[in-house]
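Peer 1:
Protein chains: 2
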Amino acid sequence: MGEYEFWGDHLLGELYGICPEKLNDAELLEKVLIRGIIKSGATICTIQAKKFCPSGVTILIMLAESHVSVHTYPDAQALFFDAFICGRRCKPYCIVETLLVELNPRSHQFQHIVRGNSQIAAAAPERKDFRV
Amino acid sequence: MGEYEFWGDHLLGELYGICPEKLNDAELLEKVLIRGIIKSGATICTIQAKKFCPSGVTILIMLAESHVSVHTYPDAQALFFDAFICGRRCKPYCIVETLLVELNPRSHQFQHIVRGNSQIAAAAPERKDFRV
Chain P
1 MGEYEFWGDH LLGELYGICP EKLNDAELLE KVLIRGIIKS GATICTIQAK
51 KFCPSGVTIL IMLAESHVSV HTYPDAQALF FDAFICGRRC KPYCIVETLL
101 VELNPRSHQF QHIVRGNSQI AAAAPERKDF RV
Chain F
133 MGEYEFWGDH LLGELYGICP EKLNDAELLE KVLIRGIIKS GATICTIQAK
183 KFCPSGVTIL IMLAESHVSV HTYPDAQALF FDAFICGRRC KPYCIVETLL
233 VELNPRSHQF QHIVRGNSQI AAAAPERKDF RV
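These protein sequence lines map, in sequence, to chains P and F.
Take the first sequence: its letter number 81 is residue 81 in my numbering, and every next letter is one higher.
With the second sequence counted from 1, adding 132 to any position gets you my numbering.
This is the structure we're talking about:
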């Protein structure tokens with residue numbers, strides 16, 4: 001990953017009002033994420049998917065550009081999503097758009113965080129303690 | 133995951149000024165993360181780890197409570213970290229503290245985002261378009 005700039009877009013979202021059957025369908029969720037990632041231009045390295053008991057699914061996808069995750073809560077008809085895409089080549093919003101089209105949630109909220117910057121790193125003061 | 137509340141802490145951080153040898157050592161990074169996760173009280177499900185060419189490591193750890201990730205940039209002597217921990221039982225800051233103690237970065241920055249809320253879901257207006 002050394003060829004990439006220390007900079008990326010992190011999208012965090014919550015989708016509400018999705019039918020529980022979709023939220024328990026790991027294969028469907030994986031396909032939707034893969035479709036969105038391909039549209040974004042990012043490169044998939046590996047995939048972890050797990051169905052929890054009694055319900056819920058987590059999917060973690062490692063990208064050459066960082067990662068994508070989904071954690072579903074069928075009882076709440078909701079899911080958490082995040083996509084962290086380093087560099088400036090890919091379009092992470094394509095993953096969000098694909099999720100919204102394919103899962104058709106009743107509502108959603110997203111936030112976009114720009115992370116990293118080598119100039120900030122050079123200027124950062126020395127750490128004095130462990131407080132975050 | 134249905135037994136958990138749709139609510140969680142998401143910690144996002146950048147650590148700067150770490151020697152490149154540590155940032156290329158996937159085994160070390162994995163051990164440090166595992167140690168922190170155990171201290172936090174979270175439960176590890178599966179781990180993905182990859183060394184990139186020519187440098188850099190990504191580690192993605194699936195938790196029963198969501199996930200932890202690290203993406204390193206040895207050329208920038210820096211890494212990205214995130215820990216998303218659902219529910220109120222675990223202590224995600226233990227993972228951050230362990231990273232800081234074991235990797236001893238020159239500087240760091242973190243942000244803490246509280247995510248999800250079933251009351252917000254119930255009150256959210258219907259989606260009108262795909263804008264995020």
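Every residue gets a Cβ at the ideal spot worked out from N, C-alpha and C, and that includes glycine.
From a predicted model like this one, the values you see are computed outputs, not experimental measurements.
Report, in whole angstroms, the separation of the C-beta atoms of P/Cys-45 and P/Leu-63, which I expect to be a contact under 8 Å.
Peer 2: Locating residue 45 of chain P in the first sequence gives position 45, where the first residue counts as 1. Locating residue 63 of chain P in the first sequence gives position 63, where the first residue counts as 1. Sure, about 6 Å apart at Cβ, within 8 Å.
Peer 1: Out of P/Phe-110, P/Leu-15 and P/Glu-27, point me to the one whose CA is closest to P/Gln-77's CA.
Peer 2: Counting from 1 along the first sequence, the entry for residue 77 of chain P is found at position 77. Per the Cα distances, P/Leu-15.
Peer 1: Between the alpha carbons of F/Pro-237 and P/Lys-91, how many angstroms are there, rounded?
Peer 2: What you label residue 237 of chain F is simply residue 105 of the second sequence in a count that begins at 1. What you label residue 91 of chain P is simply residue 91 of the first sequence in a count that begins at 1. Taking the straight line from one Cα to the other gives about 31 Å.
Peer 1: I want to verify the contact list: residues of chain F whose CB lies under 7 Å from the CB of P/Cys-45, in sequence order.
Peer 2: Position 45 of the first sequence holds residue 45 of chain P. Chain F residues near P/Cys-45: Lys-182.
Peer 1: So the alpha helix (DSSP H) F/Ile-170 belongs to, where does it begin and stop?
Peer 2: Residue 170 of chain F sits at position 38 when you count from the first residue of the second sequence. Residues 158-172.
Peer 1: Could you tell me which chain P residues have their CB closer than 8 Å to the CB of F/Cys-218, listed as they occur along the chain?
Peer 2: As a first step, residue 218 of chain F must be located in the second sequence, where it is residue number 86. His-71 and Phe-80, listed in chain order.
Peer 1: Output yes if chain F places a C-beta closer than 8 Å to the C-beta of P/Glu-14; else output no.
Peer 2: In the first sequence, residue 14 of chain P corresponds to position 14, counting from 1. Cβ-Cβ to chain F under 8 Å: yes for P/Glu-14.
Peer 1: In this structure, does DSSP put F/Ala-208 in helix, strand or coil?
Peer 2: Along the second sequence, one-based indexing puts residue 208 of chain F at 76. It is helical.
Peer 1: Could you list which residues in chain P have their beta carbon closer than 9 Å to that of F/Leu-192, in chain order?
Peer 2: Translated into positions along the second sequence, residue 192 of chain F becomes position 60. The contacting residues are Thr-46, Gln-48, Leu-60, Ile-61, Met-62, His-67 and Ser-69.
Peer 1: Taking C-beta pairs closer than 7 Å, name the residues in chain P that F/Ile-245 reaches, listed in chain order.
Peer 2: Along the second sequence, one-based indexing puts residue 245 of chain F at 113. Result: Leu-12.
Peer 1: At a Cβ threshold of 8 Å, is P/Thr-58 touching chain A?
Peer 2: Among the chains of the structure shown, chain A does not appear; the protein chains present are P and F.
Peer 1: Closest to F/Gly-140 by CA distance: which of P/Arg-89, P/Gly-116, P/Leu-79 and P/Cys-94 is it?
Peer 2: Within the second sequence, numbered from 1, the residue matching residue 140 of chain F stands at position 8. Here the closest residue by C-alpha is P/Leu-79.
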